[in-house]
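If you read the sequence shown in the numbering used here, its first letter stands for residue 8, the second for the next number, and so on. Right, one structure below, let's go through it.
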Amino acid sequence: APHYSFHSVNFIDKNEGWLVKDAAQGKKQVYEILQTTDGGKNWASILQSNSQIKKVLFISKNDGWIITQEDRNTQSDTKTGIIKIQHTDDDKTWEIQWQDEVNMSDKLDLWFANKDCGFALINGILLSTKNGGKEWSNVSFDVEGFIPQHISFVDANTGWVIGNVKVEKQDNQNKLLVLQTVDGGQHWQQQFEKIIPEGQLVSSIDIDFVNKTTGWFLTSNLETWAGELFYTANSGQSWQKINEIKCVRPTPVELEFINQQVGWIPLNVGAGPVAGGLLLTTDGGKHLNLINNDQYLNSMVEVGFTSDKEGWAVGTNPNQGNYLVRTDDGGETWTQVFPRIRPTEDISFVNNKHGFGLGQLSDSGALLSTADGGDTWQNINSFSEKYRPARITFINNKTGWILATPIDANKTVILKTTDSGKTWDVEKGNIPQVGLWSTSYFKFYNIKDGILINNGNKINLYYTSDGGSIWQKSEQERLNGQYQFSFSSSKEGWEVYSSQSNTVDLNYTRDGSTWESLGQIASNARVYGIDFIANDKGKLLLEEPPYKSDSIVKLLLTADGGENWSSHPFPEEFKLEMFKNEIPLLFTDDTHGWILSGQGLLRTENGGQTWNW
Numbered sequence: 008a009p010h011y012s013f014h015s016v017n018f019i020d021k022n023e024g025w026l027v028k029d030a031a032q033g034k035k036q037v038y039e040i041l042q043t044t045d046g047g048k049n050w051a052s053i054l055q056s057n058s059q060i061k062k063v064l065f066i067s068k069n070d071g072w073i074i075t076q077e078d079r080n081t082q083s084d085t086k087t088g089i090i091k092i093q094h095t096d097d098d099k100t101w102e103i104q105w106q107d108e109v110n111m112s113d114k115l116d117l118w119f120a121n122k123d124c125g126f127a128l129i130n131g132i133l134l135s136t137k138n139g140g141k142e143w144s145n146v147s148f149d150v151e152g153f154i155p156q157h158i159s160f161v162d163a164n165t166g167w168v169i170g171n172v173k174v175e176k177q178d179n180q181n182k183l184l185v186l187q188t189v190d191g192g193q194h195w196q197q198q199f200e201k202i203i204p205e206g207q208l209v210s211s212i213d214i215d216f217v218n219k220t221t222g223w224f225l226t227s228n229l230e231t232w233a234g235e236l237f238y239t240a241n242s243g244q245s246w247q248k249i250n251e252i253k254c255v256r257p258t259p260v261e262l263e264f265i266n267q268q269v270g271w272i273p274l275n276v277g278a279g280p281v282a283g284g285l286l287l288t289t290d291g292g293k294h295l296n297l298i299n300n301d302q303y304l305n306s307m308v309e310v311g312f313t314s315d316k317e318g319w320a321v322g323t324n325p326n327q328g329n330y331l332v333r334t335d336d337g338g339e340t341w342t343q344v345f346p347r348i349r350p351t352e353d354i355s356f357v358n359n360k361h362g363f364g365l366g367q368l369s370d371s372g373a374l375l376s377t378a379d380g381g382d383t384w385q386n387i388n389s390f391s392e393k394y395r396p397a398r399i400t401f402i403n404n405k406t407g408w409i410l411a412t413p414i415d416a417n418k419t420v421i422l423k424t425t426d427s428g429k430t431w432d433v434e435k436g437n438i439p440q441v442g443l444w445s446t447s448y449f450k451f452y453n454i455k456d457g458i459l460i461n462n463g464n465k466i467n468l469y470y471t472s473d474g475g476s477i478w479q480k481s482e483q484e485r486l487n488g489q490y491q492f493s494f495s496s497s498k499e500g501w502e503v504y505s506s507q508s509n510t511v512d513l514n515y516t517r518d519g520s521t522w523e524s525l526g527q528i529a530s531n532a533r534v535y536g537i538d539f540i541a542n543d544k545g546k547l548l549l550e551e552p553p554y555k556s557d558s559i560v561k562l563l564l565t566a567d568g569g570e571n572w573s574s575h576p577f578p579e580e581f582k583l584e585m586f587k588n589e590i591p592l593l594f595t596d597d598t599h600g601w602i603l604s605g606q607g608l609l610r611t612e613n614g615g616q617t618w619n620w
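See below:
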């Protein structure tokens, strides 16, 4: 469940595949190769390493290669590392076939025509093998100063390379070249040359051939932000520019053409906030259609297809890590297969087993349900085409409400379902117009009574007693600081106030409008979540001291309405995400509870003494 990233997705058919997973375990990074035999539903670890696994490539069930990189701490500005090529023929034991100390680089690639003939691109050096990697030799291009950046081979003999070369006579000038080999890399012929004006940073994003005649390459100009897509239908004897793609924010990552007509380009948003997604062409690159939505498949870093229908793509959520989606219909629909879907935005449990969740890594507008206490989730709906949902509340397995805003309108709506989330109606009436992300509490207690609290310049409490059509407003002056709420009914509630000096105070209301102080709970802490159930039983999630690397996360428990508290520390591997002011904390009884963190969903079955992802 912790935050992780992955790359090098490599499928040999629709079921058998591998990927590299990077995850933080305590203070160290652990790198793993995961394998699936069922198209991505389930994954097993076949290798764990302390060295970075930069690339994985399998050509059959057991025959595979990896490139690993071990950092070296040197005094110079240039970071070097030990890079190794390793091979397995049983997917269990790995032998080192090649290693060298070279400058650190992300320009790494592997390609094998069969179990004997292959190529490895490592930081501007192209290596070739004719005996399955037992021996690797440097490929010479006979072009002085040429640095290869990307390769594309269609068989053991025929391939292309694109890269830059420095023009010696003019210090600041570069050339972009495409070279071709028809004899397995022994000889190369120049096919394309682009002189780059002084001061411009032009390089290549990728080159991709689908057969011996048809190929594309994409350039990147960091000065003009223009990427040029070139195409050939005659093995590269002539190239024509057929399209232009913005190459910065979002950044095109690679070319993945399936045949002469259909191709994909993933767009990585980076720091954002811009729209990314997947570019699709169905006419060989002349026209490109963007597949995305504000929330769905937005920042994509990798794509790979095994046929025109079956493919996988890696997306990234800047706060919560990478995810893998799969399509079986040529990209019309995508399903998240890894990690297993779970809520990311909000949760509502109606008993120990049944609950609903908002969002998943690949679609923050998804509606999910669980019948086993949160172990597994089913995707039952998505609001991404119409609404941005923010809060969810259910009173039983069938009836629930969602607070949302329409994609195309600046207003607040309340959606209601009576069939477990399959269909939704928009509530009519005087719906409170509140900022979705400043709404700190939204809950219904039965078919009629509900509460909505907006935490803007003033604290506004809204009550309904007719199921959500008519709302009464109660206004409260606020001090500077952070407020969080929990109500056990639509009138009885608790408010925790974290001041700017990090003191934490608790207040109580019987009638929803007048508040009494229950005193200070902590003097140097920050509260992340609060939940009270009936009979004065409450829980507080806090960090003490706040914003420090050695701070301790605690769960405080009260059985007397907040007068006395007992403390349970969390395991060290549970890190709260600093970008969120509040984390959903929810109990259905004394023992069963959940915390929705950015790293995953935590559950307790003993009142918060121990937690499991």
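C-beta: ideal position from N, C-alpha, C; glycine also. None of the values given here were measured: they were computed from a predicted structure.
Got a sec? Which residues, its chain only, sit under 7 Å from residue i by beta carbon, not counting five neighbours each side?
i           : result
residue 463 : 442, 445
residue 550 : 532, 533, 535, 558, 560, 583
residue 315 : 265, 266, 269, 337
residue 283 : 257, 274, 275, 276, 299, 305, 306, 307
residue 20  : 313
residue 615 : 546, 562, 564, 575, 600
Below 6 Å CB to CB, which residues in the same chain sit around residue i once its five sequence neighbours on both sides are set aside?
i           : result
residue 503 : 491, 513, 534, 537
residue 377 : 362, 384
residue 18  : 24, 313
residue 154 : 131, 170, 171
residue 310 : 263, 271, 273, 320
residue 324 : 368
residue 552 : 531, 558
For residue i, which residues does DSSP report across the bridge?
i           : result
residue 408 : 400, 423
residue 390 : Paired residues: none, contrary to the question.
residue 516 : 500
residue 256 : Beta-bridge pairing links residue 256 to no other residue.
residue 270 : 264, 288
residue 181 : 173, 203
residue 460 : 448, 468
residue 74  : 62, 92
residue 527 : 512
residue 573 : 564
residue 108 : 89
residue 664 : Shown here, the chain extends from 8 to 620; a query on residue 664 therefore has no answer.
residue 188 : 166
residue 546 : 538, 564
residue 375 : 364, 386
residue 28  : 13, 39
residue 611 : 600
residue 155 : 170
residue 125 : 119, 136
residue 354 : 364
Taking the CB atoms as reference points, tell me whether residue i and residue j lie closer together than 9 Å.
i           : j           : result
residue 450 : residue 510 : no
residue 235 : residue 228 : yes
residue 594 : residue 561 : no
residue 69  : residue 87  : no
residue 199 : residue 161 : no
residue 548 : residue 460 : no
residue 132 : residue 145 : yes
residue 53  : residue 25  : yes
residue 349 : residue 381 : yes
residue 252 : residue 287 : no
residue 6   : residue 262 : The question about residue 6 has no answer, for the chain in this structure spans 8 to 620.
residue 99  : residue 75  : no
residue 369 : residue 332 : yes
residue 201 : residue 156 : no
residue 519 : residue 481 : yes
residue 15  : residue 48  : no
In its own chain, which residues sit with a C-beta less than 8 Å from the C-beta of residue i, not counting the 5 before and 5 after it?
i           : result
residue 456 : 470, 471, 472, 496, 497
residue 125 : 72, 117, 118, 119, 135, 136, 139, 140
residue 586 : Since pLDDT at residue 586 reaches only 48, below the 50 mark, its modelled position is unreliable, and the value read off the structure follows with that caveat. Cβ neighbours of residue 586 beyond the five flanking positions: 326, 605.
For the ligand FAD, any of its heavy atoms closer than 8 Å to the Cβ of residue i?
i           : result
residue 420 : Annotation note on the ligand FAD: not contained in the displayed structure, which lists no ligands.
Got a sec: is the Cβ-Cβ distance from residue i to anything in chain D below 9 Å?
i           : result
residue 518 : Here there is only one protein chain, and chain D is not present.
Within the region 201 to 251, note down every full beta strand (DSSP E) run reaching 3 residues or more, in order along the chain. The beta strand (DSSP E) runs of length 3 or more contained entirely in the region 201 to 251 are, from start to end of the chain, 209 to 216, 222 to 228, 233 to 239.
Measuring CB atoms only, is the region 394 to 408 touching the region 337 to 355, in the sense that at least three cross pairs come out at less than 8 Å? They touch, by the three-pair rule.
What residue ranges within the region 295 to 342 form continuous beta strand (DSSP E) runs of no fewer than 3 residues, ordered along the chain? Within the region 295 to 342, the complete beta strand (DSSP E) runs of at least 3 residues fall at 296 to 298, 307 to 312, 318 to 324, 328 to 334.
Check whether the region 39 to 49 and the region 13 to 25 are in contact - that is, three or more C-beta pairs closer than 8 Å. Yes, the region 39 to 49 is in contact with the region 13 to 25.
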